[in-house]
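Have a look at the structure below before the remarks.
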């Protein structure tokens, strides 16, 4: 469409949202080695309530 305008935004690798992306595209995405190697690692999170705590945490 010659006069159509499109906006595309990307915030993460599509692999992060496989459960949504694959059905939407109708394909199976290959998982890059770098991502596959960390997918089964234990997730670690730290709850930080304030910006000051974040600054201190980041050092």
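In the UniProt record's numbering, the protein residues as written are 1 to 59.
Don't be surprised by glycine CBs; every beta carbon is placed ideally from N, CA and C.
Please check the pair residue i and residue j, which I expect to be a contact at CB under 8 Å, by giving their CB distance rounded to whole angstroms.
{"i": "residue 29", "j": "residue 21", "result": "7 Å"}
Taking only three categories from DSSP, how would you classify residue i?
{"i": "residue 43", "result": "coil"}
{"i": "residue 29", "result": "coil"}
{"i": "residue 57", "result": "helix"}
{"i": "residue 5", "result": "coil"}
{"i": "residue 48", "result": "coil"}
{"i": "residue 10", "result": "coil"}
Starting from residue i, trace the alpha helix (DSSP H) in both directions and tell me its first and last residue.
{"i": "residue 22", "result": "18-25"}
Is the beta carbon of residue i sitting closer than 9 Å to the one on residue j?
{"i": "residue 5", "j": "residue 31", "result": "no"}
{"i": "residue 27", "j": "residue 13", "result": "no"}
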